[in-house]
Amino acid sequence: MNHSYLTSTSYTATAPSNIALVKYWGKKDAATQWPANDSISMTLSESRTTTTARRIEGLVDWFTFGGVTISSETHRDHKIFRHLNRMREALGVSGSLSVESQNTFPTGCGIASSASGFAALTLASAAALTDEFTWERLAIRGATQEKLAHLARLGSGSAGRSVFGGFVTWSAGENPESQRISQSFSPDHWNLSDVIIVFSDQEKHVSSSEAHIAAWGSPLFPPRLSGIPERMRVTKQAIEKRDLAALGREMEADALEMHAVAMTGSPSVNYFRQDTVDYISWIRSERAAGLLPAWFTIDAGPNVHMICDSRDLNHVVARAKARWPQSHIIVDHVGRGPTIEKTENGTDAKGVKHV
Ligand code: PMV
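If you read the sequence shown in the numbering used here, its first letter stands for residue 67, the second for the next number, and so on.
Shown next as structure tokens:
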């Protein structure tokens, strides 16, 4: 790489993905990332992005992901570099960054890699640009956790919810400025697991940005939006009471509704594969037979998430493996949210040397 470091200090943020229980689908305004509806998600613990940022000399930013390095000189309009510009402007600081990022899970196929990716990028770049890495010190520099969540959602809407742990609400508000992102229930409130069956790790054929626009062409979109306040109320109540059947009913209805809007949108977007459809029939019949205490949700991709009580996890995984032996299965849980660490002179706070 063609740059010299300005400092021996680097900052590493690790941010989790999140799975929406009531989905954000459609925007009222793309520039301000104003969502068409409120949403609530569960932050995960294992599916994470780890991003390291370090200040460098010059006017060019660098970004490395999956063994490929690009620079803002050749990729000026890349979403990563646009986000770094947004971060500098929001924090009122200048300076170029070298950023390296990696995921613990497949990218762009409905496991919300953009959520963990933009959350980690926001936090690592905020720390490197301000030289602060605790929530308290970042807040003193004007970067409260909620402000960082709003910056993250400007990169990718769902990323805002990954800045908090537990169960997180993103409210649309009356105008773009009155949006709120906050933790509704702590990770200790309810020990839920997410068994993700990866039917395909191919990148999705239609990005969520395109599908958010296509939603407005669906005749099912207005009725979906008018039902959201009641769905949010019932979902929050189900989480509060730790009532999995009640949560499952709303969550499944919401996922099917989101995909129905996508499929009837303009243009029509179908994220399902044959496996996805077979899976829906399978989980319903297993549940009806009293064999599987798990409920599904599906993001913008063919892969499915089975939400269950962590006490039933082994049983749920075993049944999923027996039915889908060829598929990659990821086991995840409700998580505590992101972390930020400082590494000095190649040695982290614990004295471990990094090479
Ligand atoms: O953050 P985006 O623009 O990739 O949209 C995410 C949309 C869903 O993941 C399908 C739902 C959600 O609320 O996370």
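Glycine is no exception: its CB is placed at the ideal position from the N, C-alpha and C atoms.
{"Query": "7 Å Cβ shell around Glu410 - same chain, five flanking residues per side excluded", "Result": "Ser74, Thr75"}
{"Query": "Endpoints, the beta strand (DSSP E) within which Phe163 is located", "Result": "What sits at residue 163 in the sequence shown is Leu, not Phe. Where Leu163 is concerned, the enclosing beta strand (DSSP E) stretches over 162-169."}
{"Query": "Pairwise C-alpha distance: Glu318 and Thr342", "Result": "13 Å"}
{"Query": "Cβ pair count under 8 Å reaching 3, the segment 231-238 against the segment 262-273", "Result": "no"}
{"Query": "Coil, strand or helix - Leu286 by DSSP", "Result": "coil"}
{"Query": "Inter-residue spacing [alpha-carbon to alpha-carbon] between Pro368 and Trp256", "Result": "27 Å"}
{"Query": "Cβ pair Ser179, Tyr90 closer than 9 Å", "Result": "no"}
{"Query": "Cα-Cα separation, Pro359 to Lys307", "Result": "17 Å"}
{"Query": "6 Å CB neighbourhood of Trp390 in its chain, flanking five on each side removed", "Result": "Ile263"}
{"Query": "Residues of its chain near His144, where Cβ-Cβ distance is below 7 Å and the 5 sequence neighbours each way are ignored", "Result": "Ile136"}
{"Query": "Contact test: Met324 Cβ vs the ligand PMV heavy atom, cutoff 8 Å", "Result": "yes"}
{"Query": "9 Å Cβ cutoff met for Ala190 and Thr117", "Result": "yes"}
{"Query": "Neighbourhood of Val383 by C-beta, 8 Å cutoff - its chain only, sequence neighbours within 5 removed", "Result": "Val261, Ile395, Val397"}
{"Query": "Residue range of the alpha helix (DSSP H) that includes His371", "Result": "Where His371 is concerned, there is no enclosing alpha helix (DSSP H), although the beta strand (DSSP E) it sits in stretches over 370-375."}
{"Query": "Rounded straight-line distance, which links the Cα of Leu258 to that of Lys302", "Result": "15 Å"}
{"Query": "Where the beta strand (DSSP E) through Tyr90 begins and ends", "Result": "Segment: none, Tyr90 is in no beta strand (DSSP E) and carries neither H nor E."}
{"Query": "Pairwise C-alpha distance: Ile305 and Ala312", "Result": "9 Å"}
{"Query": "Straight-line Cα distance separating Met324 from Ser105", "Result": "12 Å"}
{"Query": "Neighbourhood of Glu352 by C-beta distance below 6 Å, restricted to the same chain and skipping five residues each side", "Result": "Leu358"}
{"Query": "Arg227 CB to nearest heavy atom of the ligand PMV below 8 Å", "Result": "yes"}
{"Query": "Interface flag, Asp260 vs chain B, CB-CB below 9 Å", "Result": "In summary, chain B is missing from the structure at hand, where a single protein chain is found."}
{"Query": "Residues bridged to Val453 [DSSP beta-bridge criterion]", "Result": "This structure cannot settle anything about residue 453, because the visible part of the chain is limited to 67 through 421."}
{"Query": "Residue of Val300, Ser275, Val126 minimising C-alpha distance to Leu87", "Result": "Val300"}
{"Query": "Alpha carbon of Ser83 to alpha carbon of Ser107, nearest angstrom", "Result": "10 Å"}
{"Query": "Straight-line gap, Val126 to Thr330 (C-alpha atoms, nearest Å)", "Result": "43 Å"}
{"Query": "Cβ-heavy atom distance, Asp375 to the ligand PMV, below 8 Å", "Result": "no"}
{"Query": "Alpha-carbon spacing of Leu220 relative to Thr98, whole angstroms", "Result": "7 Å"}
{"Query": "Buried versus exposed, by CB contacts within 10 Å (16 or more), Gln340", "Result": "exposed"}
{"Query": "Environment of Glu198 [buried if 16+ CB atoms lie within 10 Å]", "Result": "buried"}
{"Query": "Distance cut-off 8 Å: Ser222 Cβ against heavy atoms of the ligand PMV", "Result": "yes"}
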